[in-house]
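Inspection log for the structure reproduced underneath, given as structure tokens.
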Amino acid sequence: QGTPKRFEHVADSGNSMFKEFCDTCGSQVFGGGAMRPGVKSVKVGSIDDASFVEPTANLYISHALTCTHVDEDLDNFEQMPPPA
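Remember, my numbering sits 26 above the position in the sequence shown when you count from 1.
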């Protein structure tokens, strides 16, 4: 509900990116950037029923906590992969 607040910054790639978050609780809801114009990601934690979500890749696994499960059957990237 409402209009998300927006934070813009420069990504590791040097491209600009944005994060949109809830004005009330601060939870990140959307994200996107110049590398993939017209694409806005939806943070799965913001969806009431995420049972339909099927992961296809893991990004930034170089930053994963040791307790984080990394599915080796998916495409895994140490950093952000180049645009397709």
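Each residue gets a CB set at the ideal place from its N, CA and C atoms; glycine is no exception.
All values derive from a computational prediction rather than experimental measurement.
- Glu-46 sits buried, since 16 or more C-beta atoms from the chains shown fall within 10 Å of its C-beta.
- Leu-91 is not a Cβ neighbour of Gln-105, given a cutoff of 9 Å.
- Annotation for Glu-34: the continuous beta strand (DSSP E) segment containing it runs 31-36.
- In the DSSP assignment, Phe-47 falls within the unbroken beta strand (DSSP E) covering 42-47.
- Ser-72 and Gln-27 have their alpha carbons spaced roughly 11 Å apart.
- Sequence-distant Cβ neighbours of Gly-57 in its own chain, meaning closer than 8 Å and more than five residues away, are Met-43, Phe-44, Lys-45, Glu-46, Lys-66, Ser-67, Lys-69.
- Annotated three-state conformation of Gly-71 is helix, per DSSP.
- In terms of Cα proximity to Pro-109, the closest of Leu-100, Met-61, Ile-87, Pro-81 is Met-61.
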